[in-house]
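Structure first, then comments.
Residue numbers (my numbering): 51 to 855.
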C-alpha cells in the first residue's frame, strides 16, 4: 500500500513541477516581451520627436534664415539628424564606443545614400504596410546576423513638404545633387510609403537568462520534492504503516486457538487494509456472540435497576442541599467585585449549609488577611499542623472542626478555610468531598477576581498606549462605526470637517472626509477590506488637497472588525514632485546643450563669412542684405546661448543683498511696463525683514521672468500684480510671493508648467523656457517653489535662512 501511495504522489508532484516550470517560463517570456515592446516604443517616440522638431521648428527656421536656394543637410534633413542622434544614443547606452544596445534603421527604396538601401527583410515589412494602409506599426521577432531581435517598424510616408527634396531633381537643393547625384532618392509621390523606421532590440541574452532561471527552478524543485518524499515516507511509516501493523498484532494476540490461527494465516497473504477488514469481520462474529449473552442478562437487569434507583434517590435527596449551596455561592460570586466581598457573602452560606457555629478564611500569603463569621474581627484558630495542610493539600477533619486548603489547583494554595461545630460533629465522607471541592471552587473564584482586577489595569494601560500614538488610529465594527479612536484621530476629524463639534464626533467625521459615503453602493465604504480579510493600504486626498496614507488591518472572527491607521503624506508627495521636476530639467538640459553645441559651429561660420562679405561688397543694398544675415545669425546665437544657460546655469559669486530692497528696485523697473498697460503693481514688504545671502543677478532674472509672465496673464486696464516678501519663523525661511489676478493656471497643465519649451501662450509669444529657468535658478539658490491657482496665479519662492541670519 505504501508503494502504491508513493507512486501516485510522485506522479502528482511530477505533473505539478512540469506545470509550474512551464508557467514560470512563459510568464518570464511575457515580461520580456512587454519590456522590449515598451523600450522599442520609447525609441520610436524619440525618433518621432526629433523628426517633428526638425520639420516643424528647425527646418522652417532655417528656411527663413538662409536663402531659399540653399539647404544644410546637417540642420534641415530629418532623416540625417534622426540617424545621427540615434547612433549617438546607441553608443552612449553601450559598454564602449560603437557598441550599441539596440538597432536603428531608417531605410527606403532607391535610397539617396546607398548605405541605407532597404534589404530583403525590410522590404517584406514595407510591403505589409503597403498592402494594409491602415496599419500604423508592425512588430515581431527576426534573426539578424545569427542573433534574435525584437523588431518594431513604422512606415515612412512622403508628404507635401518632403517633395522639395524627394520629388523632381530640378526642384531639389543643389547641395543634394552635388553630394548624392540626381539618380537616387527622387521621384517620390505624395502620401506614398517609400521606406520604414525600424528599431530592433536583441533578446538572445534575456532568453538565455530565462532558460537558466527555469532550469535552476527545476533543480530547486527537484531537491525540495526529494526532501518532501523523505518526510512523507517517515510520517507515513509513523502514522499509517506502524499503526496498521499494531492493529494486526492485536488480532494475533487476541485469537490464539487453532481456528483463529488459520484465519490469521489467510490474513497475512493480504495487504494492511485487507488485514483490518478481515479482523473487523472476526470482531463482528464476537459481537454477535456477546449480544446473545447480553439478551440473557437483560432479563435480570430490571430488578437491578429498581434496587439501584432507590439507592440513588436517597443519595440525590442528600445532595440537593449541596446543589443549592453551589448555586447560591455562584450567585454571590457573580455579584462580588473583590475578595473581601466574596468571603463576607460566602462564609455565612457555607456555615448554614453544614450547621456550623462559625467559619473563617485565613490568607497564608504575604498579606495574612483573614475573614470570619459571625464575629468579623476574630482571627480563625488554626491547628499546629496548618503548614502541612497548606503544603500537602490534604484537608483536616476532626470532631468539631474542619480545615480545608483553598486553591485553584493541587499545587498552589492561597489560604485555609476553617469551619467550627459546637457539638463536635463528625462529617460524612460525601460532605467531606463537598468541602474539598468547595475549597477548590473558591480558589478558582479568587484567582478569577485577581485576573479581573489585572485585566482592568491592563485595559487602562492599553488605552494610554493608544492615546499616546501620534498618528490617527481607529478601531471600527462591521457597520463602519468607530468603536475606539485615539486623540490624534479625533483631532484630525475636527480639522477636516466643521460638523464635528464634540471630541468624539471628530472620529466619526473621518469616514465621509476620507472614504466618502460608500464603496460600490455598500453602506460601509470599508466593507470590502473587511470581507477580503487581508491587510491593505490606500491613498486618499481630501477636499483641501491633503494626502493621507491609510493602512487597513482586518481583525479575524465571525464579527468583522477593522483597525485603521492613518498617516499624512502631503509633504512627502510634494517633495517627490520636486525631485521628478529636477530630474526632468536635468534630462532636457542635456539634450538642449547637445543641440546648442551642434548648431553653434555652423552659425559661427555664417557670421565669419558674413564679415568677409560686408567688407567685400561696395553697394548699399548688398551691405543691407549682409546686415540682415549678420543680425539673424546673432539672434540665433543668442537663442543658443539661452539654451546653454538653461542647460548649465552659471552659479556666480554669492553676494550679500537685501531681498526686500531688491524687490523694491525691480518693482520700480517693472512699473514702467505696467503703467503702459494700465496694470497696478503692489509691493508688500514685511517690516524689519532680515537680509539674505543669494546671487543678486539670479534674483533679478527670477523676478523679471515671473513679472513678465504675470503681465502677460492679466487684462489691460484691470490687471493687478502683487510682490510680497515675508519670513516664516517656524520653517526658518524667507518667502517671496509673485501673484496676479489673471485667469490662473488650468489644473490639467499644472504639472507641466516648469517643463522646458512648454507654454500656454500663443505661438511666437513665448519660448517656454522662462519658468524652467526660474525653477533651475531657485533650485541652485537652495530654495524651492510652490504654485497655487486661486483667483489668478500665485508663485511662492522659499529660501532658507542661513545659520546666523
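Using N, Cα and C, we set each Cβ at its ideal position, and we do this for glycine too.
Of the candidates 62, 485, 794, the residue whose Cα lies closest to the Cα of residue 769 is 794. Contact check for residue 392 against residue 465 fails: the beta carbons are separated by 8 Å or more. Straight-line measurement puts the Cα of residue 617 at about 52 Å from the Cα of residue 419.
Taking 8 Å as the upper bound for CB-CB distance, residue 798 and residue 843 are not in contact here, some 15 Å apart. Put simply, the backbone Cα of residue 56 is about 8 Å away from that of residue 283. Runs of the alpha helix (DSSP H) lying entirely within the segment 399-465 and spanning at least 4 residues, in chain order: 436-442. Here the segment 718-725 does not lie against the segment 677-685, with fewer than 3 beta-carbon pairs under 8 Å apart. Annotation: the segment 499-524 contains no complete segment of the beta strand (DSSP E) (minimum length 3 residues). Beta bridge pairing from DSSP links residue 617 with 599. Cβ contact annotation for residue 516 (same chain, cutoff 8 Å, sequence separation greater than five): 523, 534, 536, in chain order. For residue 669, there is no enclosing alpha helix (DSSP H), as DSSP marks it with neither H nor E. By the neighbour-count criterion, in which 16 or more other beta carbons inside 10 Å mark a residue as buried, residue 434 falls on the exposed side. Nearest to residue 827 by alpha-carbon distance, out of 252, 362, 468, 746, is 746.
As a beta-bridge residue in DSSP terms, residue 156 pairs with 247. Of the residues assessed, residue 280 falls on the exposed side of the cut-off, its CB having fewer than 16 other CB atoms within 10 angstroms. In this structure residue 234 is not in contact with residue 217, their Cβ atoms being roughly 14 Å apart against a cut-off of 8 Å. No Cβ-Cβ contact shorter than 8 Å links residue 427 with residue 457. Pairing residue 446 with residue 396, the inter-Cα distance amounts to about 20 Å. Counting only residues of its own chain and dropping the five nearest sequence neighbours on each side, residue 753 has a CB closer than 6 Å to the CB of 716.
Take the alpha-carbon of residue 822 and the one of residue 805: they are about 6 Å apart. Taken through DSSP and simplified to helix, strand or coil, residue 240 comes out as coil.
Between residue 249 and residue 152, the gap from beta carbon to beta carbon is short of 8 Å. Excluding residues up to 5 positions away in sequence, 620 lie with their Cβ nearer than 6 Å to the Cβ of residue 596 in the same chain.
Residue burial annotation: residue 272 is exposed, with fewer than 16 other C-beta atoms found within 10 angstroms of its C-beta. Here the segment 193-211 lies against the segment 81-96, with 3 or more beta-carbon pairs under 8 Å apart.
Contact annotation: residue 421 and residue 390 have beta-carbon atoms nearer than 8 Å.
In the three-state reduction of the DSSP assignment, residue 770 falls in the strand class, which pools E and B.
For residue 655, the three-state secondary structure derived from DSSP is helix. Cβ neighbours of residue 591 within its own chain (closer than 7 Å, five residues either side excluded): 597. Of the residues assessed, residue 670 falls on the exposed side of the cut-off, its CB having fewer than 16 other CB atoms within 10 angstroms. Excluding five sequence positions before and after residue 831, the CB atoms of its chain that fall closer than 7 Å to its own CB belong to 744, 745, 748, 849, given in chain order.
When Cβ pairs closer than 8 Å are counted between the two stretches, the segment 253-270 is seen not to touch the segment 174-188, the count staying below three. Counting the other Cβ atoms within 10 Å of the Cβ of residue 228 gives fewer than 16, which makes it exposed. Annotated three-state conformation of residue 296 is helix, per DSSP. DSSP places residue 684 within a helical segment (H, G or I) once states are collapsed to three. Burial is judged here by how many other beta carbons sit within 10 angstroms of a residue's own beta carbon; residue 610 has at least 16 and is buried.
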